[in-house]
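Number of protein chains: 2
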Amino acid sequence: MRLAELSERSGVSTATIKYYLREGLLPPGRRVNATTADYDEEHLRRLRLVRALIQVGGIPVARAREVLSHIDDDSLGRTIRLGAALWALPQEPEPDEDDPDVVAAAAEVDRLLETLGWETSRELSSLSPVHRSLVVAVATLRRLGYPWDAELMAPYAGLMHQVASRQLDFMETYDSLKEQVEVAVASAVLFEPVLRALHRLAQEEESARRYGIE
Amino acid sequence: MRLAELSERSGVSTATIKYYLREGLLPPGRRVNATTADYDEEHLRRLRLVRALIQVGGIPVARAREVLSHIDDDSLGRTIRLGAALWALPQEPEPDEDDPDVVAAAAEVDRLLETLGWETSRELSSLSPVHRSLVVAVATLRRLGYPWDAELMAPYAGLMHQVASRQLDFMETYDSLKEQVEVAVASAVLFEPVLRALHRLAQEEESARRYGIE
DNA sequence: ACTCTTGGATAGTCTCGCTATCCCAAGGAA
DNA sequence: TTCCTTGGGATAGCGAGACTATCCAAGAGT
């Protein structure tokens with residue numbers, strides 16, 4: 001199919017598709033001649049994923065490119081490739097190591113990982129952006145006066161572990177490693193809005209049950 | 001304290017504080033005379049909350065103002081006030097009612113709520129922005145080919161319900177309604193990064209356990 | 001009295017995600 | 001062939017959002 005058809009089937013304007021091509025989010029089509037390129041179903045699929053990452057997930061374009069490059073890179077093993085794709089997602093600013101709240105938060109997070117027996121995460125803690133964003137978030141809560149410590153977080157971590165397990169089960173229903181990594185990314189980025197919405201819905205529901213509508 | 005001190009203690013530049021004052025995110029200080037205003041601990045606390053909403057939660061300034069106005073409005077009942085604050089948070093674009101994926105997603109979400117017995121949420125479904133964002137997220141997943149239906153979501157919803165219950169328990173440890181609403185907002189906005197990070201950490205950990213580091 | 005700081009107002013800056021325009025080469029119809 | 005439309009590449013511009021830098025007048029500090 002040509003650019004115009006790709007645009008029509010995806011609902012994304014040709015100008016925007018050209019922009020994504022320029023930015024390397026979408027591989028170029030097969031050039032038929034100097035003025036025509038041919039796109040296939042794979043392009044359409046990729047374009048939908050890109051839109052989902054950017055629009056629903058709110059990932060910046062530059063970061064989406066990195067994430068996608070890890071999905072495409074089939075030279076790595078499963079854990080590394082999956083990790084690389086997930087590590088490319090958040091990118092919060094470096095926490096200030098001198099801030100006492102950050103220090104306290106880092107200690108609590110480490111204690112949490114120890115309690116849970118998550119040794120792998122603990123070993124990678126100085127490297128992982130995910131770990132860093134957890135520290136930043138906990139430090140912020142503490143700064144606001146909420147006493148988030150390992151004991152308070154452990155049950156949530158247990159619940160999220162159950163969630164993650166389910167998702168990996170789901171991921172394993174796909175055959176190719178590329179699809180699996182894509183599923184993992186889609187889970188991380190698109191499933192989080194679902195979880196967030198479920199969380200808030202549950203909060204509304206439970207609040208109405210406890211206190212009525214008043 | 002004066003503006004400069006507020007800036008120093010919060011780590012936010014005076015220019016930015018002035019900007020927040022202008023935008024109504026921060027109530028003006030008590031004017032001592034034509035050139036001096038006095039700020040107190042409450043201002044500092046509010047400023048920290050504002051920063052948390054905007055920086056950690058990624059809430060746009062205009063929306064943060066709405067949310068804060070609900071925290072301050074003590075003319076409403078608990079559920080309404082809490083709901084109003086939470087409803088002001090997401091604001092995703094209206095889903096396209098003609099899109100078959102959206103229709104299917106809405107049907108699945110309704111079926112989910114029915115299964116769970118979340119009648120309140122079901123009744124409010126046409127109004128609640130939270131409900132809408134759930135539909136949008138599920139529709140996006142379906143569009144990408146992931147078969148998200150009520151059965152698949154139910155266990156997650158159960159888990160998130162447990163999370164929400166815990167948070168309301170925590171909220172109840174605070175005395176004043178204003179503090180409780182603030183806790184709820186902080187939970188919704190700041191706790192979500194914590195959950196997200198825990199989720200991804202769990203994914204890393206479980207992935208390493210299942211597949212090794214390779 | 002003289003400088004320094006404060007708070008308020010205004011306009012500018014920077015980033016990001018597009019989007020509109022221009023241009024040229026094919027390809028099709030006359 | 002000639003003209004006219006269309007697709008694709010390159011470039012510049014736009015609009016929103018979150019600050020940020022500058023200016024100014026009125027007190028405060030010494």
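Here the protein sequences come in this chain order: U and G.
According to UniProt numbering, the residues represented by the first sequence are 1 to 214, in order.
According to UniProt numbering, the residues represented by the second sequence are 1 to 214, in order.
The beta-carbon is built from N, C-alpha and C at its ideal position, and this holds for glycine as well.
Can you pull the DSSP bridge partners for residue i?
| i | result |
| --- | --- |
| residue 36/G | 33/G |
Name, please, each residue of chain G whose Cβ falls closer than 9 angstroms to the Cβ of residue i.
| i | result |
| --- | --- |
| residue 121/U | 201, 202, 204, 205, 208 |
| residue 32/U | Near residue 32/U there are no residues of chain G at all, since even the closest Cβ is about 28 angstroms away, more than 9 angstroms. |
Identify the contact partners of residue i in chain U, using a Cβ-Cβ distance below 7 angstroms as the criterion.
| i | result |
| --- | --- |
| residue 79/G | 207, 208, 211, 212, 213, 214 |
| residue 160/G | 195, 198, 199, 202 |
| residue 82/G | 207 |
| residue 165/G | 206 |
Measure from the alpha carbon of residue i to the alpha carbon of each residue in the options, then state which is nearest.
| i | options | result |
| --- | --- | --- |
| residue 6/G | 32/G, 23/G, 33/G, 41/G | 41/G |
| residue 62/U | 84/U, 159/U, 88/U | 88/U |
| residue 108/G | 97/G, 117/G, 139/G, 126/G | 139/G |
| residue 105/G | 85/G, 142/G, 119/G | 142/G |
| residue 174/G | 213/U, 146/U, 188/U | 146/U |
| residue 149/U | 176/U, 110/U, 172/U | 110/U |
| residue 8/G | 23/G, 33/G, 44/G | 44/G |
| residue 74/G | 179/G, 213/G, 196/G | 179/G |
| residue 191/G | 188/U, 187/U, 191/U, 200/U | 200/U |
| residue 36/G | 24/G, 119/G, 1/G, 22/G | 1/G |
| residue 103/G | 137/G, 171/G, 181/G | 137/G |
| residue 69/G | 169/G, 176/G, 84/G, 197/G | 84/G |
| residue 151/U | 166/G, 117/G, 17/G | 166/G |
| residue 58/U | 162/U, 188/U, 154/U | 188/U |
| residue 123/U | 23/G, 16/G, 162/G, 213/G | 213/G |
| residue 196/G | 101/U, 22/U, 153/U, 17/U | 153/U |
| residue 32/G | 51/G, 50/G, 22/G, 3/G | 3/G |
How about residue i: is its C-beta nearer than 8 angstroms to some C-beta of chain U?
| i | result |
| --- | --- |
| residue 180/G | no |
| residue 155/G | yes |
| residue 69/G | no |
| residue 56/G | yes |
| residue 3/G | no |
| residue 53/G | no |
| residue 127/G | no |
| residue 141/G | yes |
Which residues in chain U have a C-beta closer than 8 angstroms to the C-beta of residue i? List them in chain order.
| i | result |
| --- | --- |
| residue 192/G | 196, 199 |
| residue 138/G | 194 |
Could you check whether residue j and residue i sit closer than 8 angstroms to each other, using their CB atoms as the reference points?
| i | j | result |
| --- | --- | --- |
| residue 202/U | residue 208/G | no |
| residue 13/U | residue 48/U | no |
| residue 56/U | residue 95/U | no |
| residue 126/G | residue 113/G | no |
| residue 76/U | residue 46/U | no |
| residue 204/U | residue 130/G | yes |
| residue 67/U | residue 185/U | yes |
| residue 39/U | residue 29/U | yes |
| residue 64/U | residue 82/U | no |
| residue 78/U | residue 156/G | no |
| residue 71/G | residue 181/G | yes |
| residue 133/G | residue 92/G | yes |
| residue 116/G | residue 159/U | no |
Could you tell me whether the Cβ of residue i comes closer than 8 angstroms to any Cβ of chain G?
| i | result |
| --- | --- |
| residue 24/U | no |
| residue 43/U | no |
| residue 88/U | no |
| residue 186/U | yes |
| residue 21/U | no |
Show which residues of chain U have a CB atom less than 9 angstroms away from the CB atom of residue i.
| i | result |
| --- | --- |
| residue 49/G | 144 |
Can you name the residues of chain G whose CB is closer than 7 angstroms to the CB of residue i?
| i | result |
| --- | --- |
| residue 133/U | 193, 197 |
| residue 130/U | 197, 200, 201, 204 |
Check the Cβ of residue i against every Cβ in chain G and list those closer than 8 angstroms, keeping chain order.
| i | result |
| --- | --- |
| residue 168/U | 203, 206, 207, 210 |
Looking at the ligand FMN, does it come within less than 7 angstroms of residue i, judged from the CB to the closest heavy atom?
| i | result |
| --- | --- |
| residue 141/G | Among the ligands in the structure shown, none appear at all, so the ligand FMN cannot be discussed. |
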